[in-house]
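Only one structure is covered here, and it is reproduced in the block below.
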Amino acid sequence: MTSRAFHGIQDSMQETRKRDHIELTNKAQTGRPEVDSRFYYEPMQSAHPNSQTDISTTFLGKKISAPFWISSMTGGVGEARHINQNLARVCREFSLGMGLGSCRTLLDGDQYFADFNLRPILGPDLPLFANLGIAQVEKLVHSNNANKIFDMVNRLDADGLIVHVNPLQEWFQPEGDKFEFSPIVTIAKLCNANANRQYKIIVKEVGQGMGPKSLKALLELPIDAIELASFGGTNFSKLELLRSQGTSVVEIEALSRVGHTSIEMISMLNNLLKANPKYMEKQIIISGGIENFLDGFYLQELLSFSSIIGQAKNFLNRAENYSDLIKFTEAQIEGLKMARAFLTVKPRPNSSATPEVQ
Ligand SMILES: Cc1cc2nc3c(=O)[nH]c(=O)nc-3n(C[C@H](O)[C@H](O)[C@H](O)COP(=O)(O)O)c2cc1C
24 MTSRAFHGIQ DSMQETRKRD HIELTNKAQT GRPEVDSRFY YEPMQSAHPN
74 SQTDISTTFL GKKISAPFWI SSMTGGVGEA RHINQNLARV CREFSLGMGL
124 GSCRTLLDGD QYFADFNLRP ILGPDLPLFA NLGIAQVEKL VHSNNANKIF
174 DMVNRLDADG LIVHVNPLQE WFQPEGDKFE FSPIVTIAKL CNANANRQYK
224 IIVKEVGQGM GPKSLKALLE LPIDAIELAS FGGTNFSKLE LLRSQGTSVV
274 EIEALSRVGH TSIEMISMLN NLLKANPKYM EKQIIISGGI ENFLDGFYLQ
324 ELLSFSSIIG QAKNFLNRAE NYSDLIKFTE AQIEGLKMAR AFLTVKPRPN
374 SSATPEVQ
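Printed below as a string of structure tokens:
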């Protein structure tokens, strides 16, 4: 090789290296730290949590080992039994509570009873709630058949009923039900049928949340808890929209974007409580777009009511594989203990910006 050729190869290697440096510089960034600015981090103030650290709480009269809740998810078809049973197993393992998905099929018979029959797995001491849509509740209570609802709750040995109120979802659903009465009238009638408060009643949305008038009306009724199911996570209007793409419902798609985030609803609830401290007897399930224990910790610290943290999608995504479910649940519990030990929530500017409700 001539010396000219040798130098030629050296030059081209150097060039390649330079080009690599230029190209890889962008890939080699460590990234700016993404500070979660919701919290003060206080490393001086606590020892590490350990197995004795107690984050247990009471939800509607039953003790749970940590303030976590598996939010209602539909059951009744094939896969659902396995999923429901895994969810109940993890509740039993960590002493948590859960809501069943819509138990509508059980109103007509026991064909799917085994899919929903989770009390034997959960044991007697943990909270378990049946679930119905307001459309079914409306049909039954306005025809004086509320006993059919309570009979179903009894068969499941559940602590009570969660009623989901979902006018937008029903509207978007091609085969959806239309309400003849406003939901608050139907729920008031359900409460009348449960005058001795034998069954606990929880009311929720399904991913849109609700505004201050609805919250106030619910707080005035003899129900036991409200689940926020707020905007920001799984959204059933959007889900129904996806199912019905191509039909005229797309023209009213803008309606799927209305609603209230958890933080907005918490501000509304705090304002309502300030005006009427007797609302304090209700409990709140904070849910809808809770990504992890840290979101839950943040929102629980801001809310003045007694509360627990509900998640649906995150549990569902792991529900088929029990060891994934265990890992996720354990991480939520251990993460919350760490958050309580080392974090405090920064005061929010303008936190009472929600309108007063008359
Ligand atoms: C697959 C699935 C099925 C659901 N079925 C019901 C139901 O039957 N009844 C109900 O009240 N909510 C139902 N929900 C709504 C959840 O309980 C919850 O309010 C909502 O998904 C928001 O929580 P997330 O953002 O953690 O998913 C369902 C959610 C999912 C993901």
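In our numbering, the protein residues as written are 24 to 381. C-beta: ideal position from N, C-alpha, C; glycine also. None of these values were measured; they are calculated from a predicted model.
For residue i, list the residues DSSP reports as bridge partners.
i, result
"Phe202", "Note: Phe202 sits in no beta bridge, so no partner."
"Ala153", "Leu184"
"Val368", "Phe62"
"Ser330", "Ile307"
"Met121", "Ile93 and Leu151"
"Lys85", "Phe82"
"Thr284", "Phe254"
"Gln231", "Ser253"
For residue i, verify whether its CB is less than 7 Å away from any heavy atom of ligand 1.
i, result
"Val160", "no"
"Thr257", "yes"
"Val164", "no"
"Thr97", "yes"
"Lys201", "no"
"Leu339", "yes"
"Gln334", "yes"
"Ser94", "yes"
"His187", "yes"
"Asn154", "yes"
"Ile307", "no"
"Ser125", "yes"
"Ile313", "yes"
"Ser310", "yes"
"Gly282", "no"
Residue i by DSSP, collapsed to three states: which one?
i, result
"Thr80", "strand"
"Leu129", "helix"
"Ala376", "Residue placement at Ala376 is poorly supported in this model, since its pLDDT is 47, which falls under 50; the coordinates are not used for a value here."
"Val226", "strand"
"Gln37", "helix"
"Thr48", "helix"
"Gln134", "coil"
"Gln355", "helix"
"Gln196", "coil"
"Ala158", "helix"
"Asn215", "helix"
"Gln75", "coil"
"Met67", "coil"
"Ile313", "coil"
"Asn344", "coil"
"Pro245", "coil"
"Asn294", "helix"
"Gln381", "Any reading at Gln381 must be qualified, since the residue scores a pLDDT of 46, below 50, and its modelled position is unreliable; no value is offered."
"Asn109", "helix"
"Ile116", "Per the sequence presented here, residue 116 reads as Glu, with Ile not at that position. Residue state, collapsed to three classes: helix."
Going straight from the alpha carbon of residue i to that of residue j, what length do you get?
i, j, result
"His105", "Thr97", "12 Å"
"Ala158", "Leu265", "22 Å"
"Ala111", "Asn299", "36 Å"
"Thr209", "Asp247", "16 Å"
"Leu121", "Met291", "Here residue 121 is Met; the residue named in the question, Leu, does not match the sequence. Their Cα atoms are separated by approximately 25 Å."
"Phe82", "Ser166", "32 Å"
"Lys239", "Tyr302", "9 Å"
"Leu278", "Leu191", "8 Å"
"Arg341", "Leu129", "26 Å"
"Arg220", "Phe173", "11 Å"
"Thr352", "Ala137", "25 Å"
"Lys86", "Ser79", "7 Å"
"Gly282", "Gly255", "9 Å"
"Ile349", "Thr76", "19 Å"
"Gln231", "Lys41", "53 Å"
"Gly156", "Ser125", "7 Å"
"Gln108", "Glu304", "32 Å"
"Phe320", "Tyr64", "13 Å"
"Pro245", "Asn215", "9 Å"
"Val229", "Ala70", "39 Å"
"Asn170", "Val188", "20 Å"
"Asp386", "Ala153", "Any answer about residue 386 is impossible in this case: the structure gives the chain only from 24 up to 381."
Along the alpha helix (DSSP H) that carries residue i, what are the first and last residues, could you check?
i, result
"Ala252", "Ala252 -> no alpha helix (DSSP H), and no H or E assigned at all."
"Asn337", "Lys336 to Leu339"
"Ala169", "Ala169 to Arg178"
"Tyr321", "Phe316 to Leu325"
"Ile144", "Arg142 to Leu145"
"Glu263", "Phe259 to Arg266"
Less than 7 Å between the CB of residue i and some heavy atom of ligand 3, yes or no?
i, result
"Lys227", "With respect to small molecules bound, the structure shown includes ligand 1 and not ligand 3."
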